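I have placed the structure first, in the form of structure tokens, so that the comments after it can refer back to it.
Numbering (my numbering), first residue to last: 177 to 270.
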């Protein structure tokens with residue numbers, strides 16, 4: 177009977193040691209998961225900030241594009257006016 181109690185005590189000790197090791201591993205895994213969750217949140221926040229920045233840049237680029245088209249239109253009109261003036265001057269000289 178004493179031998180059975182020894183085995184039982186030994187199994188209880190091993191069981192407690194395994195439970196403690198399991199608890200340590202669970203805590204480490206939990207910390208690791210918390211770090212990953214924090215990293216995921218940070219990455220999400222950064223991506224959202226980048227998307228907002230891109231949207232703002234696209235709006236600014238659209239404004240600049242519109243201004244550039246206006247400038248090109250005005251330059252074309254000026255060129256036509258210059259061409260008309262040159263044509264009129266040449267016509268008067270003939």
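Note that the Cβ used here is the ideal one computed from N, Cα and C, for glycine as well.
These numbers come from a predicted model, not from an experiment.
Residue i to residue j span [Cα, whole Å]
i           : j           : result
residue 200 : residue 234 : 51 Å
residue 217 : residue 205 : 18 Å
residue 228 : residue 239 : 17 Å
residue 252 : residue 237 : 22 Å
residue 185 : residue 203 : 27 Å
residue 195 : residue 209 : 20 Å
residue 263 : residue 249 : 21 Å
residue 225 : residue 219 : 10 Å
Alpha helix (DSSP H) runs wholly inside the stretch 190 to 233, at least 4 long, in chain order
none
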